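To convert, count from 1 in the sequence shown and add 351; that's the working numbering.
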Amino acid sequence: MSTTFLILLAVLAFSALVGLVLQHWFLSRLRKQHVLVWETLGRPTLSLNHRMQSYLTVWRFLWRREHHTLEDLRTIILGDFLRSYMTGYLLLLISAIVALMLNQRAD
């Protein structure tokens, strides 16, 4: 593997950790400040044994910008940042996959 690819993998791993921290902050804020919304979303947490449907519900909530209905500017800003961050991470991940495929073809 090339040095560039190893650096890209390290960036992806670090970015994933940052994303998990942001998700934790957002879900914690929902749980503490907006209990009804948190319960409606299926009481989402970052635990490994949590249902995938709950994660999809949270992402749908963010993608549709339903968090803008909350009367809490900090939660809205955090939700917007998390949404943007995860969109950027997804683009980075897709780029890494494409780079890996191109690298495999070149070899």
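Backbone N, C-alpha and C fix where the C-beta goes; we use that ideal spot for every residue, glycine too. The structure presented is a predicted model; accordingly, all values stated were derived computationally and were not measured.
DSSP three-state assignment for residue i, whether helix, strand or coil
i    : result
E417 : helix
D431 : helix
S353 : coil
Contacting residues, own chain, Cβ-Cβ under 6 angstroms from residue i (five flanking each side not counted)
i    : result
L413 : G430 and R434
P395 : L378, S405 and V409
Y440 : S366 and G370
Close beta carbons around residue i, own chain, < 8 angstroms, minus the five adjacent residues each side
i    : result
S353 : N454
L392 : L381, S405, T408, V409 and F412
R425 : R380
Y436 : V369, G370 and L373
Rounded Cβ spacing between residue i and residue j (contact assumed at less than 8 angstroms)
i    : j    : result
L397 : Q374 : 6 angstroms
V388 : L421 : 7 angstroms
Residues of its chain near residue i, where Cβ-Cβ distance is below 7 angstroms and the 5 sequence neighbours each way are ignored
i    : result
L341 : Outside the shown range of the chain (352 to 458) lies residue 341, about which nothing can therefore be said.
H418 : F412, T426, I427 and G430
As an exercise, report each continuous beta strand (DSSP E) stretch of at least 3 residues that is fully enclosed by the region 365-409, in chain order.
none
Does the region 379-390 come close enough to the region 353-371 that 3 or more CB-CB pairs lie under 8 angstroms?
no
Say whether the region 410-424 touches the region 353-368, bearing in mind that this needs 3 or more beta-carbon pairs closer than 8 angstroms, one atom from each stretch.
no
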